[in-house]
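Working notes for the structure below.
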Amino acid sequence: MLSDRLKRRVRRGAEYVARGIARTGLSPDALTILGFLLNVLVAAIIASGQQLIGGTLVLLVGAFDILDGALARVTQRMTTFGAFLDSTIDRYSEAVIYFGLLVLYAGRGHEALLIYAVIVGSLMVSYTRARAEGLGLRCEVGLFARPERVILLGLGLLLNQVYLTLWVLAILVNLTAVQRVLYVWRTTRPTR
């Protein structure tokens with residue numbers, strides 16, 4: 001996972017940009033939906049075989065994704081529904097990018113299987129955290145949360161190393177889900 005120091009820097013930068021966005025009157029929820037629509041466009045670009053442009057846009061739109069939360073903070077418009085909408089739409093945004101890859105690699109066995117493994121692992125990383133938090137546990141452990149997945153996929157597309165990137169993602173996202181399961185197990189098991 002990204003270091004706390006880097007997270008603070010990214011958060012400050014996002015809040016700086018969000019202050020400019022706030023002047024437009026755009027709501028955080030509208031920005032969340034706009035981010036999803038941009039991801040649909042990126043998926044279409046990837047599906048058309050334009051990996052270099054797709055990789056660049058995965059990184060840019062992935063960075064754009066943090067702006068909705070920053071906008072909510074700087075405008076004091078943080079809501080429970082907004083947080084729920086953001087995390088839900090984030091899952092759809094990630095899934096639509098992988099759908100673009102599925103379309104690109106349709107008919108190729110290995111790539112499609114790897115994409116499936118990445119999608120399942122990504123969903124399980126999110127689910128294990130959400131379920132742990134629903135039980136009152138903080139669960140941010142693990143190697144590959146969403147920012148790392150976005151960065152690696154974007155770089156894989158840019159460097160035309162999608163197959164290798166899918167292998168790395170398939171392994172690391174599922175390992176992250178297992179790390180979270182083990183963390184919850186260790187945290188909740190009775191002490192003797």
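Numbering (my numbering), first residue to last: 1 to 192.
For glycine and all other residues, C-beta sits at the position ideal for the given N, C-alpha and C.
Here the structure is a predicted model, which means the values were calculated and not measured.
Sequence-distant residues of the same chain with beta carbon closer than 6 Å to residue i, five excluded per side
i: residue 176; result: 125, 142, 143, 144
i: residue 84; result: none
i: residue 172; result: 143, 144
i: residue 113; result: none
i: residue 14; result: 66, 67, 70
i: residue 132; result: 139, 184
i: residue 174; result: 121
i: residue 28; result: 68, 71, 72, 77, 82
Bounding residues of the alpha helix (DSSP H) (the contiguous stretch that carries residue i)
i: residue 124; result: 109-134
i: residue 83; result: 80-104
i: residue 148; result: 146-158
i: residue 77; result: Per DSSP, residue 77 belongs to no alpha helix (DSSP H) and is neither H nor E.
i: residue 190; result: It is not in any alpha helix (DSSP H) - residue 190 carries neither H nor E in the DSSP assignment.
Exposure of residue i, with buried meaning 16 or more beta-carbon neighbours within 10 Å
i: residue 80; result: exposed
i: residue 153; result: buried
i: residue 134; result: exposed
i: residue 107; result: exposed
i: residue 180; result: buried
i: residue 136; result: exposed
i: residue 76; result: exposed
i: residue 33; result: exposed
i: residue 190; result: exposed
i: residue 70; result: buried
i: residue 101; result: buried
i: residue 98; result: buried
i: residue 129; result: buried
i: residue 165; result: buried
i: residue 54; result: buried
i: residue 146; result: buried
Proximal residues to residue i (C-beta, below 7 Å), its chain only, five neighbours per side dropped
i: residue 38; result: 61, 64
i: residue 92; result: 36
i: residue 74; result: 15, 18, 19, 22
i: residue 119; result: 95, 98
Close beta carbons around residue i, own chain, < 8 Å, minus the five adjacent residues each side
i: residue 31; result: 21, 67, 68, 71
Decide if the stretch 151-168 is in contact with the stretch 46-62; the criterion is three or more beta carbon pairs, one per stretch, under 8 Å apart. With a cut-off of 8 Å, the stretch 46-62 and the stretch 151-168 count as touching, because enough Cβ pairs lie within range.
Where are the alpha helix (DSSP H) runs, 4 residues long or more, that stay fully inside the stretch 14-67, in chain order? Complete alpha helix (DSSP H) runs here, min 4: 28-47, 51-64.
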